Amino acid sequence: RRMYLGCPMNTAPNIDSQKSGHEVWDEFMHSFTPAVREVVEFAKKIPGFRDLSQHDQVNLLKAGTFEVLVVRFASLFDAKERTVTFLGGKKYSVDTLRSMGASEFLNSMFDFSEKLTNLGLSEEEMSLFTAVVLVSADRSGIENVNSVEALQDTLICALRNLITKNHPNELATFTKLLLKLPDLRSLNNMHSEQLLAFKIH
Amino acid sequence: FGDPASNLGLEDIIRKALMGNLEERQE
C-alpha cells in the first residue's frame, strides 16, 4: 500500500519508493530540527523567557513548539487557492492531498491560516503574537506557574498596546488574536492524534 | 521506528539549542 506524507515540512507528499524508512525519516528531520532550533532561538529573545528556570523553558518549548510552527508555517496553507506548498517548493491542491488520504486536519489548517492572514498583522505584531503563543502553551510539567503567567500577562499587555496603537479602528483585532490561542491548542491536539497514528516502516 | 512523537527527539533538540551546543549546530 502506498504511503504519503501529509506534513508540508516534508519536501513532497510522495515518498520515493527507492528510499528506505530511515532515509525518509532522516529527510524529514533535516527540515524539522532546524525549524525547532529557530523556535528556541526565537524564545531566547523573548524578554523574560531566559529568566524562567531551565526546566520551565524546556517544558514550555516542548508544549508550544508545534503551535509556534503552525503560526510560522501558516502561509504554506493558501486558503484562497486551496493549495499547500511543501518545503520542496511545489504546491499541491486540496483534491490531490485528499486523494492521498489527507484528513479533516487539513481543513482546520486552512481555516486557521485564512483567519490569521485576514488580520493583516505586521512583522512586529506577528512576532509578539508568536511570543504570546509560546508562553500560553500547556502548563503541565511547569514548576513555577506564577512566573510563566506573569510573563504571559506582560506579553499579552504589550500585544494589546501594540495592536491598539496600530489598529485604532479595529478594536476586535486583539480579541480575534487571543481567540487564536484556543484554536492553536485544538490544532495541536489534532496534530498529536495524527502523529500518534503515523507509522513509518 | 516505534512512536514517532518521542522519536522526533523534540526535547533533545530543544535542550541542545537552549545550551547553544555548537557541535550540534554544525551538523
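In the order they appear, the protein sequences are chains A and B.
Mapping of the first sequence onto my numbering: residues 1 to 201, in sequence order.
Mapping of the second sequence onto my numbering: residues 1 to 27, in sequence order.
Think of the CB as a built atom: it goes at the ideal place given N, C-alpha and C, for glycine as much as any other residue.
Quick caveat, the model's predicted, so the values are computed rather than measured.
At the 8 angstroms Cβ level, is Arg72 of chain A part of the contact set with chain B, yes or no?
Position 72 of the first sequence, counting from 1, holds the residue named residue 72 of chain A. Output row for Arg72 of chain A: interface = no.
Segments of 4+ residues assigned as alpha helix (DSSP H) that fall wholly inside the segment 84-141 of chain A
94-99, 105-118 and 123-135
Checking 8 angstroms against the spacing of the C-beta atoms, do Phe105 of chain A and His191 of chain A come in under that value?
Working through the first sequence from its first residue, we reach residue 105 of chain A at position 105. Working through the first sequence from its first residue, we reach residue 191 of chain A at position 191. Their beta carbons are under 8 angstroms apart, which means Phe105 of chain A touches His191 of chain A by this criterion.
As a quick exercise: from A:Ser122, A:Ile142 and A:Pro182, pick the residue whose alpha carbon is nearest that of Thr164 of chain A.
Residue mapping note: residue 164 of chain A aligns to position 164 of the first sequence, counting from 1. Thr164 of chain A has its Cα closest to that of A:Ser122, out of A:Ser122, A:Ile142 and A:Pro182.
Between the segment 71-90 of chain A and the segment 107-114 of chain A, do three or more beta carbon pairs fall short of 8 angstroms?
yes
Using CA coordinates, which residue listed in A:Ile15, A:Leu187 and A:Thr11 is at the minimum distance from Ser103 of chain A?
By 1-based counting over the first sequence, the position of residue 103 of chain A is 103. Ser103 of chain A has its Cα closest to that of A:Leu187, out of A:Ile15, A:Leu187 and A:Thr11.
CA-CA distance, Asn144 of chain A and Lys19 of chain A?
Within the first sequence, numbered from 1, the residue matching residue 144 of chain A stands at position 144. Within the first sequence, numbered from 1, the residue matching residue 19 of chain A stands at position 19. If you take the alpha carbons of Asn144 of chain A and Lys19 of chain A, they lie about 45 angstroms apart.
For Asp183 of chain A, name the three-state secondary structure that DSSP assigns.
Counted from its first residue, the first sequence places residue 183 of chain A at position 183. DSSP places Asp183 of chain A in helix when its eight states are reduced to three.
CB contact flag (Leu18 of chain B, Val40 of chain A, <8 angstroms)
Here the question's residue 18 of chain B lines up with position 18 in the second sequence. Here the question's residue 40 of chain A lines up with position 40 in the first sequence. Yes, these two residues count as a Cβ contact at 8 angstroms.
Taking all protein chains shown into account, do 16 or more other C-beta atoms lie within 10 angstroms of the C-beta of Glu125 of chain A, making it buried, or fewer, making it exposed?
Translated into positions along the first sequence, residue 125 of chain A becomes position 125. Looking at its Cβ environment, which holds 16 or more other Cβ atoms inside 10 Å, Glu125 of chain A is buried.
Which same chain residues end up closer than 6 angstroms to Gly48 of chain A when comparing Cβ atoms and leaving out the 5 residues on each side of it in sequence?
Counting from 1 along the first sequence, the entry for residue 48 of chain A is found at position 48. Counting only Cβ-Cβ distances below 6 angstroms, and skipping sequence neighbours, we find Leu151.
For Lys62 of chain A, which residues in chain B fall below 9 angstroms Cβ to Cβ?
In the first sequence, residue 62 of chain A corresponds to position 62, counting from 1. Simply Leu10, Glu11 and Ile14.
Leaving aside the five residues before and after Gln194 of chain A along the sequence, list all residues of the same chain whose C-beta is less than 8 angstroms from its C-beta, in chain order.
What you label residue 194 of chain A is simply residue 194 of the first sequence in a count that begins at 1. Around Gln194 of chain A: Gly6, Ser103 and Phe105.
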